[in-house]
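Residue numbers (this note's numbering): 2 to 964.
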């Protein structure tokens with residue numbers, strides 16, 4: 002065998018088209034030996050959403066003559082630190098190249114990734130209104146977004162995986178490692194790794210504009226414009242880019258689907274076949290108000306107080322189903338040779354995003370544990386015993402007049418619930434993020450080395466609009482009267498004493514019915530709340546790699562290194578939230594830091610190679626030491642077996658762990674209102690209840706949030722697969738990969754859930770859970786402490802199948818591909834002692850841990866035709882049927898589940914490149930105008946925005962020009 006030179010290449014699998022040659026002349030000063038192998042340049046090529054990332058095996062390169070040594074580029078494959086010329090990896094990797102992203106018509110790469118078959122669950126995106134924050138996240142294997150590690154050029158990001166901060170204009174390709182990689186990258190790489198590789202070698206100027214919209218809607222348009230500038234020099238290069246994207250909001254009422262227009266629930270059984278025949282539910286917080294006066298409940302439909310008729314409020318139409326945002330991204334990358342053996346490199350990215358969500362107007366609730374109100378005491382029974390209440394004072398001008406008009410004895414109103422339709426409830430975010438990487442790399446005595454410093458800063462300001470000030474509510478719902486006779490009431494501490502006038506106070510009319518709260522009232526009680534988050538990250542990495550002793554299959558390759566990773570977060574909520582003095586989610590701020598020192602080592606052992614068959618063994622070991630919870634050591638072992646030229650077997654096994662994120666630890670604790678049933682409000686009374694309580698709403702007050710005492714999760718992973726690349730001569734190229742994978746996690750970070758805490762206390766009489774429950778003097782629930790704990794076990798297993806066929810003909814090149822993930826199991830044990838639950842093929846409550854969609858089969862396939870400068874592609878996306886949980890289980894037959902139909906989407910895209918550098922692309926998405934499925938337990942618009950397409954047929958048009 003002839004030794005050949007090598008050259009370092011950017012982190013990640015080389016994902017260029019397999020027809021490209023990777024032989025180049027190398028600078029003799031960095032040339033050194035490398036044993037050739039038969040399949041020297043196997044390449045993971047065009048990936049999913051139409052181009053399957055099968056491992057295409059490039060034919061063996063000819064043996065080099067002694068006097069004509071050629072360069073073979075060495076790369077670092079995602080999931081390893083060892084540079085190697087043979088890109089075959091024991092771990093499965095899917096690759097999306099730039100062309101795949103462009104033909105999808107999506108500018109949010111996170112949305113594109115989440116549609117891959119290997120993704121599951123229901124992470125948030127820009128179509129997540131209730132629970133969203135403008136970010137776009139992905140969920141590899143459906144194990145939770147925090148268990149998928151996102152890297153840019155192999156390095157961590159300060160946002161931890163918000164794809165809104167990654168401009169599509171800078172992306173060369175995306176590599177998805179579908180295997181645990183804690184032994185290489187440390188925490189978070191449990192389900193796998195997504196590595197964004199950027200356009201480092203771009204030269205020239207490229208300008209691109211795109212617009213995308215939907216044929217069935219008058220809203221929801223997205224526009225983008227980007228520019229990329231690159232220049233090569235004798236000893237370096239730089240690339241600069243900028244991207245501006247705007248997305249228009251869309252309300253549920255804008256979409257053409259009937260079930261978007263109301264809050265339907267499955268009742269009676271079978272009504273889901275015609276959703277509009279189902280029970281139309283809604284919220285108990287209605288514009289007419291709901292007031293407990295004495296032992297009765299009243300509403301005001303506009304003609305005065307009348308008996309509560311149980312009506313509900315339809316909040317659906319005025320919720321966003323696509324949230325607006327505006328984002329601006331800048332990036333610059335460069336490198337320069339300092340000496341023949343040392344190179345400097347840098348990457349700087351900056352992002353600014355404003356985004357918003359809008360929910361139905363404020364659902365005010367005066368009950369203890371919910372929103373501030375007038376707090377007083379009153380003799381409800383007339384026996385001289387005063388009882389506390391939260392609501393409206395009996396001498397409030399509007400309440401006393403309403404009671405008089407209805408002929409009701411004057412007394413306080415408690416348990417006041419009123420939908421404040423006179424104002425909007427809106428949430429806005431303003432995010433600024435900057436990330437900078439600076440480093441050096443080179444060779445020394447036949448060893449490769451690299452050292453880098455990575456610093457990130459992210460500031461997020463949240464503004465909650467449509468909230469109320471507690472102190473002003475206390476005044477405005479307290480005593481008031483028109484003592485000066487000018488027709489306008491004023492607030493007093495005591496309406497019998499004019500000297501107790503509360504200056505500036507405007508009495509609030511909650512009992513007058515919809516439309517009776519004036520702008521002056523809102524100006525007095527209303528407020529905008531401002532929260533601040535600041536996250537910082539510093540990473541210092543060093544690595545050294547080279548070759549070692551000779552083995553039967555070639556020289557051993559190795560890599561060692563270490564690093565330091567520091568993270569810090571400060572959460573500063575509005576002062577009104579920290580004191581509980583406002584409506585909305587109140588709670589305390591938090592701040593903290595997390596530090597990690599790590600060491601790692603990897604080896605690649607070519608155990609056998611006879612030119613036709615080979616065996617490679619890979620091993621990795623990593624030790625992480627944290628300042629908060631000690632240390633952890635993870636390992637991974639992999640093996641590649643080349644049986645014949647066209648057939649390879651591969652397998653890996655190892656351990657993984659996930660350290661709690663800054664959000665897990667330091668996100669503060671804040672109010673929540675989960676749906677739960679108080680056992681002490683039931684008959685007969687459970688033995689664990691000291692007395693009976695009263696529950697007049699299915700939502701109970703609770704506190705959720707971070708927990709500084711959390712410990713890391715631990716787990717095991719295993720993959721095994723086969724790669725087959727038969728040769729058909731001139732008739733085409735075929736590749737097939739089949740991989741089995743399994744992941745098991747222990748000590749998973751989750752929460753008990755309000756219902757579990759109540760049941761454990763009052764039914765199982767476990768005092769440790771009773772300590773988490775606070776009750777009022779009359780034994781009603783005041784708070785349930787349900788913060789994160791290390792309590793869950795999770796597991797997932799499945800099979801990935803990928804194939805791609807390419808055929809050159811007289812009428813152009815044809816490419817067909819298919820990517821299929823079959824989910825064998827997705828299990829969880831929510832808390833110790835509960836039975837294992839199977840989630841595969843199901844849709845469960847997306848607001849719960851591990852909730853959402855777990856389709857057993859997801860398939861992407863495509864057929865593409867390339868002829869001269871024209872390309873046309875048909876693409877399909879299939880999501881198998883699901884069995885959905887239902888809301889009103891007590892009103893349906895035992896064990897009733899919803900059948901959610903399978904979905905099949907069709908897209909058609911075409912592009913043409915003109916000879917002057919201009920190209921035009923256009924596409925029609927969801928050609929058959931498929932309606933998203935109605936999902937009874939769906940949290941946003943009664944469907945799943947993360948899994949299904951929401952707006953019917955769409956289209957996009959993109960123009961680009963390269964100078």
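Backbone N, C-alpha and C define an ideal beta-carbon position, used for all residues, glycine too.
Bear in mind that the values here come from a model prediction, so they are computed numbers and not experimental data.
Less than 8 angstroms divides the Cβ of residue 789 from the Cβ of residue 751. Per DSSP, reduced to three states, the secondary structure at residue 943 is coil, with no helix or strand assignment. The straight-line gap separating the alpha-carbon atoms of residue 174 and residue 154 is approximately 10 angstroms.
By the Cβ neighbour-count rule, residue 313 is exposed, with fewer than 16 other Cβ atoms within 10 Å of its own.
Looking at the DSSP output, residue 607 sits in a beta bridge with 617. Close CB contacts of residue 476 within its chain, under the 6 angstroms cut and outside five residues either way in sequence, are with 492, 503, 506 (chain order).
Runs of the beta strand (DSSP E) lying entirely within the segment 758–835, each at least 3 residues long, are 774–776, 782–785, 790–810, 813–830 in chain order. 416 is the residue among 424, 117, 416, 581 whose C-alpha sits nearest the C-alpha of residue 697.
Taking a contact as a CB-CB distance under 8 angstroms, the pair residue 317 and residue 263 counts as one, their CB atoms being some 6 angstroms apart. By the Cβ test, the segment 285–293 is not in contact with the segment 892–909, since fewer than three Cβ pairs between them sit closer than 8 angstroms. Per the DSSP secondary-structure output, residue 280 pairs in a beta bridge with 266. In the DSSP annotation of this structure, the continuous segment of the alpha helix (DSSP H) that includes residue 114 starts and ends at 110–115. Residues of the same chain with a CB within less than 7 angstroms of the CB of residue 692, apart from the 5 flanking positions on each side, are 780 in chain order. By the C-beta criterion, the segment 426–438 is judged to be in contact with the segment 452–471, since at least 3 inter-stretch pairs fall below 8 angstroms. The beta-carbon separation of residue 956 and residue 214, rounded to 6 angstroms, stays under the 8 angstroms limit for a contact. Between residue 128 and residue 847 a beta carbon distance of about 13 angstroms is seen, past the 8 angstroms cut, so the two are scored as non-contacting.
Considering only 362, 754, 257, 372, the residue with the shortest C-alpha distance to residue 471 is 372.
With 16 or more neighbouring CB atoms inside 10 Å of its own CB, residue 559 falls in the buried class. For residue 290, the closest alpha carbon among the candidates 357, 375, 414, 216 is that of 414. Residue 393 holds the alpha-carbon nearest to the alpha-carbon of residue 378 among 370, 393, 712.
Checking the DSSP bridge columns, you'll see residue 379 partnered with 388.
Put simply, the backbone Cα of residue 862 is about 59 angstroms away from that of residue 308.
Counting along the chain, the unbroken beta strand (DSSP E) around residue 298 starts and ends at 297–300. With a contact defined as Cβ atoms closer than 8 angstroms, residue 253 and residue 854 miss out at about 20 angstroms.
Judged by DSSP in its simplified three-state form, residue 898 adopts coil rather than helix or strand. For residue 524, no beta strand (DSSP E) run applies; the uninterrupted alpha helix (DSSP H) run containing it begins and ends at 520–526, by DSSP. Distance from the CA atom of residue 105 to the CA atom of residue 446, rounded to whole angstroms, is 47 angstroms.
Rounded to the nearest whole angstrom, the C-alpha separation of residue 122 and residue 645 is 38 angstroms. Counting only runs that start and end inside the segment 280–360, the beta strand (DSSP E) elements of at least 3 residues fall at 291–294, 297–300, 321–323, 326–340, 343–360. For residue 817, the closest alpha carbon among the candidates 864, 784, 109 is that of 864. At the C-beta level, residue 532 and residue 573 come within 8 angstroms of one another. Looking only at 542, 610, 320, 676, the smallest Cα-Cα distance to residue 597 is reached by 542.
Annotation for residue 735: the continuous beta strand (DSSP E) segment containing it runs 734–751.
Proximity to residue 229 across 959, 248, 212, 205 peaks at 205, based on C-alpha coordinates. The way I'd put it, the segment 577–588 doesn't touch the segment 634–650; fewer than three beta-carbon pairs between them come closer than 8 angstroms. Within the same chain, Cβ atoms closer than 6 angstroms to the Cβ of residue 570 are found at 536, 663, 667, the five residues on either side in sequence being excluded.
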